[in-house]
Amino acid sequence: MTLISSLFKYLNVIINLVISMKKMVLIDGNNLMFRSYFATAYTGNLMKNSKGLVTNALYGFANMVNKVIKEENPSYILVAFDKGKSFRREEYKDYKAGRNETPDDLRTQMPIAREMLDAMGIKYFETDNYEADDIVGTVSKWCEVDPEWDALLVTSDHDYLQLIGDGVDIKLLQTKGFVKYNRDTFKEAYGINPPEVTDLKGLMGDSSDNIPGVPGVGEKTALKLLQEYKTLDGVYQNIDSIKGKLKEKLVDNKDLAYFSKKLATIYINVPIPFALEDCKYEGPTDKLDDFYYDLEFYSLMNSHKVKEEVHVDNEYKILDDFSKVDKERIAYYIECDKENYHLANIMGMGIYDGKNAYYVEPSKIQDFFDKTLDTIKYTFDLKKNIVLTNRFDTNTIYDVNLAAYLLNKITKDDLATLMNNDSVSVPLYHDIIKNKLDIKEIVTTKAKYIYLTHDKYIDDLNAEEMFDLYTNIEHP
10 MTLISSLFKY LNVIINLVIS MKKMVLIDGN NLMFRSYFAT AYTGNLMKNS KGLVTNALYG
70 FANMVNKVIK EENPSYILVA FDKGKSFRRE EYKDYKAGRN ETPDDLRTQM PIAREMLDAM
130 GIKYFETDNY EADDIVGTVS KWCEVDPEWD ALLVTSDHDY LQLIGDGVDI KLLQTKGFVK
190 YNRDTFKEAY GINPPEVTDL KGLMGDSSDN IPGVPGVGEK TALKLLQEYK TLDGVYQNID
250 SIKGKLKEKL VDNKDLAYFS KKLATIYINV PIPFALEDCK YEGPTDKLDD FYYDLEFYSL
310 MNSHKVKEEV HVDNEYKILD DFSKVDKERI AYYIECDKEN YHLANIMGMG IYDGKNAYYV
370 EPSKIQDFFD KTLDTIKYTF DLKKNIVLTN RFDTNTIYDV NLAAYLLNKI TKDDLATLMN
430 NDSVSVPLYH DIIKNKLDIK EIVTTKAKYI YLTHDKYIDD LNAEEMFDLY TNIEHP
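Under our numbering, the residues of the sequence shown are numbered 10 to 485, in order.
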């Protein structure tokens, strides 16, 4: 019994330790901003607000940070940024030479990213002479030596792999998705230990940072050497076992190899004037929606708040027989080809009858309304639809656009703004027009959303004592 009791006591200690672990997420801010900017900049599609400010990096950055928070649910977050030149440039003037200058459109977004993090309730840090990876490296080592802490590093920079350790993992972002590494999975993938990434860079160099390495030695050869000899020291201690041209390259460039390793080594003793506890994340501030509003990130407003998601599937049929439609009540949505609907043409219509979604070709819309005069209808922007169909008598009793207006929700006259805020992903109107998207699935999804959210909006109007205002004044 004593042995069993001791075992249970030991297990209880382990369980309590796991439960009480503090999780720190460390984000490479420069890396995420660059990724967000160039993800769309290469297409020439630079997102701007109405004031002319380019916002594509900020929008992508906000989405990526929000995604990390949703996926990882951290209690602590720190975002690290570069600030000017690092000490490495003093040691090697060609460090990072050859890189293109940061585009002005990205440079102007960088200080705003700091302000946005403040509004998001997330701590950030930058300091002279050090890079973001040095800050992350320092804080990750604090976590590694403290058994109460775990750290997750978020970046696409492979230099960070050297920081993997006990309780320090990495979420390595890729073009699509990510790969997570801990000490064991990294060793399995590369055949070396994480600290030996600096030895790897010493041998193969790093073109992105203009670290030379040993000329003529690539990643494959460098990994093979380290898998056999463990470290850079091990390679040179066994140099006589290496034959031919490779030995000659290694001997001739020994100093360059060690210098390259030094340049690639992340500094882990940055003077940081705060403690781990100061990075506690308790959610966004009250200023975040106003910040998003100024940037015109309407789809992000309220997205940080806990809400009930609306689930709308994308199945629809082409309507060829009006008798198939349940005519008790229907939601419909009409898309047109110009923002000024007085000058626009109808592109198509989606309808939903509570059971099925249908797409209606423009040529059949007039006939549809003629045969459903007695059907109660819901829509978005009734005034637009009256103009487009040239008819006042459609028996449309509910306009979600008016309801949203009374409830102080931002629509920008685009139903997609409301839908995206409810986690129903549809493209914004200007994207539909600009990219000439097929609207069939879009308009039927919109019709479903109108139908499925009707009761909730009416309940909200009643709760705010505005149902009579809507029914007797706004809608008429």
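For every residue, glycine included, the Cβ atom is placed at its ideal position computed from N, Cα and C.
**Request:** Report the option in D329, F187, K373 and L304 whose CA atom is closest to the CA atom of T398.
**Result:** Among D329, F187, K373 and L304, the Cα nearest to that of T398 belongs to K373.
**Request:** Measure the C-alpha to C-alpha separation of A122 and M129 and round it to an integer number of angstroms.
**Result:** Going from the Cα of A122 to the Cα of M129 covers about 10 Å.
**Item:** Those residues which DSSP pairs with S269 across a bridge
**Value:** Beta-bridge pairing links S269 to no other residue.
**Asked** Hey, how far is the Cα of V177 from the Cα of A456?
**Response** Here the alpha carbon of V177 sits roughly 47 Å from the alpha carbon of A456.
**Request:** Give a yes or no on whether the C-beta atoms belonging to V452 and G359 are separated by under 7 Å.
**Result:** Yes, the Cβ-Cβ distance between V452 and G359 is below 7 Å.
**Prompt:** What residue ranges within the stretch 313-363 form continuous alpha helix (DSSP H) runs of no fewer than 4 residues, ordered along the chain?
**Reply:** Runs of the alpha helix (DSSP H) inside the stretch 313-363: none found.
**Cβ shell of P204 (< 7 Å), same chain only, five flanking positions each side left out** = Result list for P204: Q171, in chain order.
**Asked** Does the beta-carbon of T405 have 16 or more other beta-carbons within 10 angstroms, so that it is buried, or is it exposed?
**Response** Per the 10 Å Cβ criterion, buried.
**Request:** Name the two residues that bound the continuous beta strand (DSSP E) containing I406.
**Result:** I406 -> beta strand (DSSP E) spans T405 to D408.
**Asked** What are the boundary residues of the alpha helix (DSSP H) that includes F70?
**Response** Note, F70: alpha helix (DSSP H), N65 to E81.
**Asked** Using CA coordinates, which residue listed in D137, E110 and L67 is at the minimum distance from T49?
**Response** Measuring from the Cα of T49, the nearest candidate turns out to be L67.
**Prompt:** Looking at the structure shown, is M33 part of a helix, part of a strand, or coil, going by DSSP?
**Reply:** When secondary structure is reduced to three states using DSSP, M33 falls in the strand class.
**Asked** What's the call for G93, buried or exposed, on a 16-neighbour Cβ count within 10 Å?
**Response** Counting Cβ neighbours within 10 Å, G93 comes out exposed, since fewer than 16 surround it.
**Inter-residue spacing [alpha-carbon to alpha-carbon] between F331 and G38** = Approximately 55 Å, taken between the alpha carbons.
**Asked** Leaving out five residues before and five after V490 in sequence, what residues of the same chain have Cβ atoms less than 8 Å from its Cβ?
**Response** Here the chain covers residues 10 to 485 and nothing more, so residue 490 does not appear.
**Request:** Just the C-alpha distance for F306 and L416, rounded to the nearest angstrom, thanks.
**Result:** The C-alpha of F306 lies about 19 Å from the C-alpha of L416.
**Message:** So, for I36: in the same chain, excluding its five sequence neighbours on each side, which residues have a beta-carbon less than 6 Å away from its beta-carbon?
**Reply:** The residues are V88 and V163.
**Message:** Our contact map puts D408 next to T388 with C-beta atoms below 8 Å; I'd like the distance itself, whole angstroms only.
**Reply:** The pair is a contact, with the Cβ atoms about 6 Å apart (cut-off 8 Å).
**7 Å CB neighbourhood of N191 in its chain, flanking five on each side removed** = So the qualifying residues of the chain are I173 and D178.
**Prompt:** Leaving out the 5 sequence neighbours to the left and right, which residues in its chain are closer than 7 Å to N138 when beta-carbon positions are compared?
**Reply:** Closer than 7 Å at Cβ, skipping near neighbours: S95 and F96.
**Asked** From T230, T194, A273 and L182, pick the residue whose C-alpha is nearest to that of S217; which is it?
**Response** The option with the nearest alpha carbon to S217 is A273.
**Message:** Here's the rule: buried if 16 or more other CB atoms are within 10 angstroms of the residue's CB, otherwise exposed. What is V244?
**Reply:** V244 is classed as buried because its beta carbon has at least 16 other beta carbons within 10 Å across all chains shown.
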